[in-house]
Each structure stands twice: as structure tokens, then as C-alpha cells.
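Q:
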Amino acid sequence: MKAHGLDDIQPRYRSAAQWLAQNWEAVRSITPNTSDPIQLQKDFNEQKTTSILPADLAEVEAEKVETIELDQRSAERVAKVINPRKG
Numbered sequence: 852m853k854a855h856g857l858d859d860i861q862p863r864y865r866s867a868a869q870w871l872a873q874n875w876e877a878v879r880s881i882t883p884n885t886s887d888p889i890q891l892q893k894d895f896n897e898q899k900t901t902s903i904l905p906a907d908l909a910e911v912e913a914e915k916v917e918t919i920e921l922d923q924r925s926a927e928r929v930a931k932v933i934n935p936r937k938g
């Protein structure tokens, strides 16, 4: 590190900068409010956990599921299995 002039960087900033370099393309997709690599990493991870769908799954369509019709008695039995009464 000394040979490259990076020996005076705090370890956590060095680690965050390495993470930023490895994830640069993904981080560019968010609109950063800071240039601090630690904050960028936090913002990226927060967005990753709160996003509804990853970009590569946004256009996936659900397949059609076949449904069946139940008579009243069968429907009541299914309801009891799904929602058992507590007590």
C-alpha cells in the first residue's frame, strides 16, 4: 500500500473504496447524495433491501395458474385447514 500512496487511508475507508471500485456499475445506477464511499455503500445496501424487485426481474410475468371450483362443504374444509381457530 505504501508503494501506491495508500498507506495513510483509514482501513474502513480503504475497504469501502475497494468495495466501491468492485461495485461501481451498480452504484452508478443509484443517485448518490454523497461522495463518501462508506455512505455510498450504506445507501446502496439500504436500497437493495428496500427495493421491490431487482431490475432483472422487473419484466418477469407470472404464469397462469389453473383454479378449481369447490362446493360449499369442501370450501369450508379448506378454510378450516388454512385458518384454524385458536383456542
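First residue of the sequence shown: 852, per my numbering; consecutive thereafter. Ideal Cβ positions, reconstructed from N, Cα and C, are used throughout, including at glycine.
1. Take I860 as the anchor and find which of W875, E912, S880, I889 has the nearest alpha-carbon.
2. Locate the alpha helix (DSSP H) running through A877, then write down its first and last residues.
3. Check the C-beta distance from A877 over to F895 and give it rounded, since I have them as a contact under 8 Å.
4. Which class does V929 belong to by DSSP, given the choice of helix, strand or coil?
5. Taking its Cβ as the centre, do 16 or more other Cβ atoms sit within 10 Å of L921, making it buried, or is it exposed?
A: So, from the listed chains and residues:
1. Relative to the Cα of I860, the nearest Cα in the group W875, E912, S880, I889 belongs to I889.
2. Element bounds for A877: 875 to 879.
3. That pair is a contact at about 7 Å.
4. When secondary structure is reduced to three states using DSSP, V929 falls in the helix class.
5. With a 10 Å radius around the Cβ and a threshold of 16 neighbouring Cβ atoms, L921 comes out exposed.
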